[in-house]
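Let me begin by presenting the structure, written as structure tokens, before commenting on it.
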Amino acid sequence: MIELPDFVRQFMELFKKKGFKIYLVGGTIRDVLMNKKTDWNFADFATNATPEEIIKLNKNSYYENKFGTVGVEIEYKKSKIFFEVTTFRTEFEYKDSRHPQIVKWAKTIQEDLSRRDFTINAMAYDGYELLDLYNGQKHLKEKLIVAVGNPKLRFSEDALRLIRAIRISAELGFLIESKTRDSIKKNAHLIKNISAERVRDELFKIIKSQNPAEGILFLRSTNLM
């Protein structure tokens, strides 16, 4: 069993007591598995509760998007902590290589995980069992960034993932798996569809990472530079 802070377990229990499923997901669960110091601010959760149901469970919450993500503020030991809770979803028709035209609530966590970017970000933990459909733990041990499913499809859905793969590799000191790396190179032109501000943010994170030189070399070798 993965150890979670009491305030995280208590938060998840709010949903379970009302009959909802909830999972810790994304980079947060990755950091926990790597025994890295975890910043619980803006930890990511996925649930089958709708945004409206999430808001009913949490008074200090806000919902200002169409993607099912509700921001929730909790108080722990006189400190404010913010979580992001997103309804299970599936997405279709990414016409701008960034935002889906159609978002539908999914029924299962399995459907939700299938749309995520990289295997090490596609695990889910309900407090008792770790769900790892895409060998995320294996790739963590191998220190590899691997796209979930078809790399071309993942990058055409959201072209920011092209540079995000390199940013994560620079932050963690991981390599990018060959098929994923080749797909980044073939689809590098899609980065032009992403706003300069979003690209800038990822570039600054690469420069601030533990391996900035390797990150810049990856940008160059994949034609993203």
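FYI, our numbering numbers position 29 of the sequence shown as 20, with every residue one higher than the one before it. All C-beta atoms in this analysis are idealised placements derived from N, C-alpha and C, irrespective of residue type, glycine included.
Please classify residue i as buried or exposed, where buried requires at least 16 other C-beta atoms within 10 Å of its C-beta.
i: M114; result: buried
i: F195; result: exposed
i: F2; result: buried
i: S186; result: exposed
i: M99; result: It is worth fixing the name first, because residue 99 is Thr in this sequence and not Met. Exposed, by the Cβ-count rule.
i: N141; result: exposed
i: S200; result: buried
i: D(-3); result: exposed
i: N39; result: buried
i: G59; result: buried
i: I(-7); result: exposed
i: L210; result: buried
i: R191; result: exposed
i: F33; result: exposed
i: I159; result: buried
For the alpha helix (DSSP H) that contains residue i, what are its first and last residues?
i: L15; result: Where L15 is concerned, there is no enclosing alpha helix (DSSP H), although the beta strand (DSSP E) it sits in stretches over I13 to V16.
i: G10; result: No alpha helix (DSSP H) holds G10; DSSP gives it neither H nor E.
i: L204; result: It should be pointed out that residue 204 corresponds to Ala in this sequence rather than to Leu. Residues P203 to S212.
i: E55; result: Per DSSP, E55 belongs to no alpha helix (DSSP H) and is neither H nor E.
i: E44; result: P42 to L48
For residue i, which residues from the same chain have a beta carbon less than 7 Å from its beta carbon, with the 5 sequence-adjacent residues on both sides left out?
i: E205; result: A161
i: D103; result: A37, F79, R80 and A97
i: G127; result: T110, I111, A113 and M114
i: V137; result: F109, T110, H130, E168 and T171
i: K69; result: none
Within the continuous beta strand (DSSP E) that includes residue i, where are the two ends?
i: I185; result: Neither: I185 is in no beta strand (DSSP E) and is coded neither H nor E.
i: G62; result: T60 to Y67
i: E75; result: S70 to T78
i: F36; result: A34 to T38
Ignore the nearest five residues each way along the sequence and tell me which others in residue i's own chain have a CB closer than 8 Å to its CB.
i: T213; result: L153, I157, R172, I175, K176 and A179
i: I46; result: S52, Y54 and V61
Looking only at its chain, what residues have a beta carbon closer than 6 Å to the beta carbon of residue i, apart from the 5 residues adjacent to it on each side?
i: W96; result: T78 and R80
i: T41; result: T78
i: A150; result: S88, L181, I182, N184 and I185
If we cut at 8 Å on Cβ distances, does residue i have a partner in chain D?
i: D149; result: Annotation note: the requested chain D is absent from the structure, which comprises a single protein chain.
**Report entry** Entirely enclosed beta strand (DSSP E) segments - the region 90 to 176, minimum 3 residues
**Finding:** 93 to 96, 114 to 116 and 121 to 123
Query raised in the report: Are the region 122 to 132 and the region 97 to 114 touching by the rule of at least three beta carbon pairs closer than 8 Å?
Result: yes
**Report entry** the region 10 to 21 / the region 51 to 61 touching (three or more Cβ pairs under 8 Å)
**Finding:** no
Report task. Check whether the region 63 to 74 touches the region 15 to 26, counting contact only when three or more Cβ pairs, one atom from each stretch, lie closer than 8 Å. Result -> no
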